[in-house]
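Below is one structure; the comments refer to it alone.
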């Protein structure tokens with residue numbers, strides 16, 4: 079090939095492959111059916127419940143050993159809380175929730191890395207939050223956030239009125255039960271947001287809140303000076 | 171159904187009727203789950219078992235979705251089961267088409283007969299699915315420990331096959347024979363028909 083085209087005078091065809099084209103070619107993510115992910119997310123909770131019980135039991139067994147060997151004082155008995163939930167149950171739920179969040183954090187970190195690979199490092203917390211609201215949200219949940227509020231002092235509240243993980247959540251036992259269950263379903267997303275911000279260099283705390291399905295808000299606190 | 175027709179059904183299902191998402195969410199979630207299970211159990215054999223169990227639960231639900239969307243009728247024999255799984259099932263959900271290699275035993279008139287209309291096939295026959303691509307394991311490299319400990323990273327797939335087929339009256343054993351993640355040349359799952367389940371429910375018997 080000879081002559082000058084839009085890429086300038088050239089005698090080879092390799093100059094037709096611009097950096098932009100190469101990038102497009104590299105970004106050819108493989109796809110799967112969304113149902114596969116839906117099922118995975120449902121069953122994953124069960125399997126983690128079992129594994130976290132196993133791990134907790136192992137820890138408790140070690141504690142027992144240490145207590146009977148006199149290395150640890152015996153624990154004080156704790157009465158169940160106001161909902162009749164025992165300390166063990168609470169610990170179990172918490173252990174499960176943490177595991178779900180950790181999985182989310184791994185996913186969020188990797189997503190953030192891929193999505194921001196061509197952008198300059200975020201200097202501003204607001205830029206990072208905007209990235210979360212647009213880029214991350216689209217990659218993870220196929221839409222952008224509906225509402226963003228801030229107190230301009232490091233606290234951001236992000237709101238999604240039709241949050242994908244909650245769209246098909248309902249319970250035969252009624253709305254109250256569905257709301258209770260929603261805590262489990264927002265654990266992974268909470269982790270995704272935290273993990274994404276972490277990969278971008280921001281050490282955030284993220285707290286989810288579901289007042290009415292399928293709406294969800296996340297309160298993101300970024301420490302001062304970041 | 172001829173093999174070509176299965177492929178056409180699979181392609182159509184993938185193109186027209188699925189809601190597609192990026193595989194990375196799936197891959198990342200699954201990968202993080204396996205890591206957590208390894209931490210919790212500290213036992214690769216147990217992790218394999220748990221992944222298979224999770225797959226079983228998924229498979230029992232997945233089959234309903236599959237049947238509803240694909241309008242596939244009953245398979246005529248176990249050979250066809252393999253074809254449908256490879257060309258329609260895997261294609262519709264994971265957008266991959268593993269190669270299927272059949273290995274059937276000669277028909278034994280005493281075993282494996284089923285009252286189910288049209289289902290002829292020998293107990294003991296099997297097929298092998300060879301996966302050229304595996305969306306579950308796209309960005310995974312197993313540490314040496316896991317390799318020596320005999321982790322089958324994608325063992326959930328074996329469970330899915332077992333659960334799904336059980337819902338259509340086939341008891342199978344599905345196991346990994348090899349995995350490129352473990353340094354093997356291929357990634358293969360072997361599915362063997364153990365028995366048809368209908369015969370196991372004699373009416374009025376103890």
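Protein chains in written order, with my numbering: chain S, 79 to 304; chain W, 171 to 376.
Built from N, CA and C at the ideal position, the CB exists for glycine as well.
Contact under 8 Å by Cβ, residue i with residue j
i, j, result
"residue 110/S", "residue 193/W", "yes"
"residue 245/S", "residue 259/S", "no"
"residue 184/S", "residue 202/W", "yes"
"residue 320/W", "residue 226/W", "no"
"residue 322/W", "residue 265/W", "no"
"residue 150/S", "residue 141/S", "yes"
"residue 363/W", "residue 295/W", "yes"
"residue 265/S", "residue 131/S", "no"
"residue 263/S", "residue 292/S", "no"
"residue 268/W", "residue 108/S", "no"
"residue 258/W", "residue 179/W", "yes"
"residue 181/S", "residue 242/W", "no"
"residue 190/S", "residue 115/S", "no"
"residue 219/S", "residue 200/S", "no"
"residue 329/W", "residue 216/W", "no"
"residue 203/S", "residue 280/S", "yes"
"residue 207/S", "residue 270/S", "no"
"residue 233/W", "residue 337/W", "yes"
"residue 164/S", "residue 189/W", "no"
"residue 272/W", "residue 236/W", "no"
"residue 159/S", "residue 172/S", "no"
"residue 238/S", "residue 224/S", "yes"
"residue 312/W", "residue 256/W", "no"
"residue 357/W", "residue 301/W", "yes"
Interface flag, residue i vs chain W, CB-CB below 8 Å
i, result
"residue 117/S", "yes"
"residue 284/S", "no"
"residue 123/S", "no"
"residue 135/S", "no"
"residue 201/S", "no"
"residue 222/S", "no"
"residue 139/S", "no"
"residue 127/S", "no"
"residue 194/S", "no"
"residue 163/S", "no"
"residue 230/S", "no"
"residue 63/S", "One cannot answer for residue 63/S here, as it falls past the ends of chain S, which runs 79 to 304."
"residue 147/S", "no"
"residue 216/S", "no"
Distance between beta carbons of residue j and residue i, contact taken as under 8 Å
i, j, result
"residue 300/S", "residue 282/S", "5 Å"
"residue 193/S", "residue 213/S", "5 Å"
"residue 179/S", "residue 268/S", "6 Å"
"residue 206/W", "residue 137/S", "That belief does not hold up - the Cβ atoms of residue 206/W and residue 137/S are roughly 15 Å apart, past 8 Å."
"residue 359/W", "residue 327/W", "6 Å"
"residue 303/W", "residue 197/W", "Not a contact, Cβ separation roughly 12 Å."
"residue 342/W", "residue 335/W", "5 Å"
"residue 293/W", "residue 331/W", "17 Å between Cβ atoms; not a contact."
Residue i: first and last residue of the uninterrupted alpha helix (DSSP H) it sits in
i, result
"residue 295/S", "Unbroken run through residue 295/S is the beta strand (DSSP E), 294-299; no alpha helix (DSSP H)."
"residue 392/S", "The requested residue 392/S is not part of the displayed model; chain S covers only 79 to 304."
"residue 326/W", "326-337"
"residue 358/W", "Not the alpha helix (DSSP H): residue 358/W falls in the beta strand (DSSP E), residues 358-366."
"residue 323/W", "Taken as a continuous stretch (DSSP letters only), residue 323/W belongs to no alpha helix (DSSP H), as it is neither H nor E."
"residue 176/S", "165-193"
"residue 226/S", "Premise fails: residue 226/S lies in the beta strand (DSSP E), 225-228, not in any alpha helix (DSSP H)."
Cutoff 8 Å: residue i Cβ touching any chain S Cβ
i, result
"residue 231/W", "yes"
"residue 313/W", "no"
"residue 227/W", "yes"
"residue 224/W", "yes"
"residue 136/W", "There is no way to answer for residue 136/W, as the model of chain W reaches only from 171 to 376."
"residue 235/W", "yes"
"residue 220/W", "yes"
"residue 300/W", "no"
"residue 188/W", "yes"
"residue 177/W", "no"
Limits of the unbroken beta strand (DSSP E) element including residue i
i, result
"residue 285/S", "283-287"
"residue 140/S", "Segment 112-146 is the alpha helix (DSSP H) holding residue 140/S; no beta strand (DSSP E) there."
"residue 231/W", "Premise fails: residue 231/W lies in the alpha helix (DSSP H), 214-240, not in any beta strand (DSSP E)."
"residue 248/W", "Counting along the chain, residue 248/W falls outside any beta strand (DSSP E), though it belongs to the alpha helix (DSSP H) covering 248-254."
"residue 345/W", "340-348"
"residue 108/S", "It is not in any beta strand (DSSP E) - residue 108/S carries neither H nor E in the DSSP assignment."
"residue 190/W", "190-192"
"residue 273/W", "269-273"
"residue 296/W", "296-300"
"residue 259/S", "It is not in any beta strand (DSSP E) - residue 259/S instead sits in the alpha helix (DSSP H) that spans 253-263."
For the segment 171-185 of chain S, list every residue whose C-beta sits within 7 Å of some C-beta in chain W, in sequence order.
Listed in sequence order: 177, 180, 181, 184, 185.
Closer than 7 Å between beta carbons: that is the criterion. Which residues of the segment 190-213 of chain W meet it against chain S?
Across the segment 190-213 of chain W, CB contacts with chain S closer than 7 Å involve 190, 191, 192, 193, 194, 195, 196, 198, 199, 200, 202, 203, 206, 207, 210, 211, in sequence order along the chain.
In the segment 242-267 of chain W, which residues sit with their C-beta less than 9 Å from some C-beta in chain S, listed in chain order?
Taken in chain order, the members of the segment 242-267 of chain W whose beta-carbon sits within less than 9 Å of a beta-carbon on chain S are 262, 263, 264, 265, 266.
For the segment 234-263 of chain S, which residues have a beta carbon sitting closer than 7 Å to at least one beta carbon of chain W?
Listed by position along the chain: nothing, the set is empty.
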